[in-house]
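Colleague:
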Amino acid sequence: MSIQPTEIKLHQQSRVLEISFSDNVTYQLPYEYLRVYSPSAEVTGHGPGEAVLQTGKKNVGIREIVPAGSYAIQIEFDDGHDSGIYTWEYLHELGARQAELWQDYLDRLAAAGESREAR
Amino acid sequence: MSISENDVQNALKNLIDPNTKKDFVSGKSVKNVKITGADVALDILLGYPAQSVWDEIRAMVENHLKAALPGVGKVTANVSSKVVPHAVQRGVKLVEGVKNIIAVASGKGGVGKSTTAVNLALALSAEGARVGILDADIYGPSQPTMLGISGMPESTDGKSMEPMQAHGLQAMSIGFLIDSHDTPMVWRGPMVTQALDQLLHQTRWDNLDYLVLDLPPGTGDIQLTLAQKVPVTGAVIVTTPQDIALMDARKGLKMFEKTGIKIVGIVENMSTHICSKCGHEEHIFGAGGGEKMCADYNVEFLGGLPLDINIREQTDSGRPTVVADPNGNIAKSYKQIARRVAVKIAEMAQDHSAAFPKIVVQNT
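Protein chains in written order, with our numbering: chain A, 4 to 122; chain B, 528 to 891.
This is how it looks when you write it as structure tokens:
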């Protein structure tokens with residue numbers, strides 16, 4: 004295993020997951036960002052072009068984090084979504100490409116006429 | 528000149544354990560050094576089961592100390608083994624009564640996983656370890672036949688099962704729980720993983736050093752459940768030398784890498800065929816496939832086994848080779864492989880570098 008996290012900190016007030024990796028980088032990943040980029044098939048769909056745009060998740064919270072073996076975590080969000088298994092590689096990628104991926108999400112929201120605010 | 532404990536430690540820093548390839552001091556095997564006048568007594572505690580070589584190691588340590596310490600009197604080394612329990616990641620429940628879990632896997636079916644698993648388990652047991660075997664192949668359980676066990680496990684409390692016993696092993700298989708040999712388990716994935724979970728956690732394993740898990744082929748439900756929910760110390764991959772099996776073995780190996788399970792090494796089964804008439808040995812499935820795979824992925828080649836009619840006959844009749852012919856060449860190969868596995872498992876049990884990260888919840 005190449006990338007290994009050393010610590011995961013949940014900031015429940017500011018809704019940010021802080022994750023430090025063995026390659027000495029630390030990323031601040033907002034819960035909303037993790038939620039809308041969940042690797043679950045409920046979000047990504049079962050094939051290309053089947054992704055479901057997640058909306059209204061601005062204030063989503065995290066109830067619990069469950070380890071999946073020694074390679075990933077399963078995040079239980081307070082909107083009931085709990086089927087995403089985030090591998091270390093995926094979390095690292097979400098950190099490294101955060102600005103780009105977040106902008107992409109905002110663009111897709113705007114294009115669909117949707118909003119981050121819960122209705 | 529009087530001898531100090533330091534002298535003894537220093538002398539043993541130059542003596543390499545042939546099994547671990549490390550010296551006894553950095554292997555943390557030297558305990559309880561006592562010096563009385565010119566006499567030296569010490570304990571050598573090995574992290575792997577090795578009953579058959581205790582005498583050899585005792586002689587080696589005693590002779591080395593006599594040569595290295597001039598003026599030394601009587602040297603007494605006490606050799607024993609103690610298997611270290613595997614440290615598991617937070618969140619995954621430890622299996623009660625089990626120190627280490629060794630998964631035996633392959634990509635392809637029919638390469639001899641179950642045969643290798645049962646002989647590996649028996650070889651570890653022959654070295655003095657307490658060993659169990661769990662048949663995780665729900666659709667095609669083989670262990671009841673290979674161990675020659677019939678009947679059903681008993682339950683003393685109505686909730687858990689006592690493991691079955693054969694040749695000194697504790698065993699559990701779905702095969703013990705169904706009525707007849709031709710009853711199929713016509714089940715979808717979730718049922719299968721549930722069954723594995725129950726076989727693993729509801730069996731009352733009695734103080735095992737190693738639980739050998741005989742996995743079904745492939746990279747599906749059972750393997751994923753194993754990676755996510757079972758505290759596996761390490762995985763042994765079985766393959767045959769031909770390309771069509773190696774191709775799938777590589778996928779099996781990659782799956783374990785992806786899911787953070789450490790690879791102990793690769794066993795090449797059916798490396799050669801020994802003709803039962805003339806004794807001629809031939810690489811009928813090609814040569815060097817397993818070694819090449821090991822080189823490609825930087826994992827250890829644990830050993831090769833021949834395609835031998837005796838292995839098949841003995842295992843089919845419920846007395847695997849390691850118990851049917853314990854001093855034969857094939858049993859010797861299995862025991863060598865078992866020794867390497869045990870040594871590597873001991874190293875992995877002490878390696879915390881890939882430990883699960885700390886998860887902290889803060890009100891900030």
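Where is the CB? At the ideal position from N, CA and C, for every residue including glycine. From a predicted model like this one, the values you see are computed outputs, not experimental measurements.
1) Is K804 of chain B buried or exposed, if buried means 16 or more other CB atoms sit within 10 Å of its CB?
2) Within a Cβ cutoff of 7 Å, which residues of the same chain sit near Q760 of chain B, ignoring the five residues on either side of it in sequence?
3) Thinking P884 of chain B and I11 of chain A are a contact (beta carbons under 8 Å), I'd like their distance in whole angstroms, please.
4) Any beta carbon from chain B within less than 7 Å of G72 of chain A's own beta carbon?
5) When the Cα of N605 of chain B is compared with those of B:R585, B:P597, B:K593, B:H591, which residue comes out closest?
6) Since G831 of chain B sits in a beta bridge, which residues does DSSP pair it with?
7) List the DSSP bridge partners of E21 of chain A.
8) Work out the CA separation of L780 of chain B and R18 of chain A for me, nearest whole Å.
9) With a cut-off of 8 Å on the beta carbons, I'd call V599 of chain B and V567 of chain B a contact; round off their distance for me.
10) Thinking C-alpha only, which one of B:V560, B:A762, B:M797 is nearest T603 of chain B?
11) Whole angstroms are fine: how far does the CA of G716 of chain B sit from the CA of T752 of chain B?
12) Let's see if you can read the secondary structure: which residues bound the beta strand (DSSP E) around K558 of chain B?
13) Cα-Cα, which of B:G816, B:T786, B:A754 is closest to A772 of chain B?
14) Quick check: what's the CA-CA separation for M691 of chain B versus M679 of chain B?
15) Spatial neighbours of H800 of chain B within its chain, please: CB distance less than 6 Å, with the 5 preceding and 5 following residues excluded, ordered by chain position.
16) When the Cα of K60 of chain A is compared with those of A:E35, A:L97, A:A114, which residue comes out closest?
17) What residues in its chain sit with their C-beta under 6 Å from that of I543 of chain B, if we drop five residues either side in the sequence?
18) Under 8 Å Cβ-Cβ, which residues of chain B neighbour I58 of chain A?
19) Using a C-beta to C-beta distance shorter than 9 Å, which residues of chain B count as neighbours of S17 of chain A?
20) When the Cα atoms are used, what is the spatial distance from L572 of chain B to V552 of chain B?
21) Please list, in chain order, the chain A residues whose beta carbon lies closer than 7 Å to that of T760 of chain B.
22) Are Y74 of chain A and T58 of chain A touching if we call contact CB-CB under 7 Å?
23) Residues of the stretch 735-756 of chain B with a CB closer than 7 Å to any CB of chain A: list them in chain order, please.
24) Within a Cβ cutoff of 6 Å, which residues of the same chain sit near T547 of chain B, ignoring the five residues on either side of it in sequence?
25) Can you confirm whether F883 of chain B, when its beta carbon is compared against all beta carbons of chain A, has any partner nearer than 7 Å?
26) Using DSSP bridges, identify the partner residues of A762 of chain B.
27) Quick one: what's got a C-beta closer than 8 Å to L649 of chain B's C-beta in the same chain, skipping five residues either side?
28) Could you tell me the alpha carbon to alpha carbon distance between V868 of chain B and G52 of chain A, rounded to whole angstroms?
29) Quick check on I836 of chain B: does DSSP put it in helix, strand or coil?
30) Is the shortest distance between the beta-carbon of V791 of chain B and the beta-carbons of chain A less than 7 Å?
31) Please classify P576 of chain B: is it buried, with 16 or more other beta-carbons within 10 angstroms of its beta-carbon, or exposed?
32) Counting only C-beta atoms, is G716 of chain B closer than 7 Å to chain A at any point?
33) I'd like the ranges of any beta strand (DSSP E) spanning at least 3 consecutive residues and lying wholly in the stretch 595-675 of chain B.
34) What would DSSP say about D566 of chain B, mapped onto helix, strand or coil?
35) Residues of chain A with CB under 7 Å from G815 of chain B, in chain order?
36) Does the CB of V887 of chain B have a neighbour CB from chain A at under 7 Å?
Modeller: In terms of the structure at hand:
1) exposed
2) Strictly speaking, residue 760 of chain B in this sequence is Thr, with Gln absent from that position. Counting only Cβ-Cβ distances below 7 Å, and skipping sequence neighbours, we find H613, N627, I628, I629, I872, M875, A876.
3) 5 Å
4) yes
5) Nearest C-alpha to N605 of chain B: B:R585.
6) B:E795
7) A:K12, A:Q31
8) 37 Å
9) 6 Å
10) Of the candidates B:V560, B:A762, B:M797, the one whose C-alpha sits nearest the C-alpha of T603 of chain B is B:V560.
11) 10 Å
12) Per DSSP, the continuous beta strand (DSSP E) segment holding K558 of chain B begins and ends at 557-563.
13) B:G816
14) 8 Å
15) Around H800 of chain B: E809, I811, L834.
16) A:E35
17) D550
18) Just to set this straight, residue 58 of chain A is Thr in the shown sequence, not Ile. Neighbours of T58 of chain A on chain B: none; closest Cβ ~27 Å, over 8 Å.
19) T891
20) 11 Å
21) In chain order: nothing, as chain A lies at least about 11 Å away.
22) no
23) A754, Q755
24) G554, V870
25) yes
26) B:A630, B:I790
27) Cβ within range, chain order: V658, H694, G695, L696, P847, V849, V850, Y861.
28) The straight-line gap from Cα to Cα measures roughly 46 Å.
29) helix
30) At a cut-off of 7 Å between C-beta atoms, V791 of chain B does not count as an interface residue with respect to chain A.
31) buried
32) no
33) 602-608, 625-632, 658-662
34) strand
35) Those do not exist, as G815 of chain B stays about 28 Å from chain A at its closest Cβ, beyond 7 Å.
36) Chain A contact via Cβ: present.
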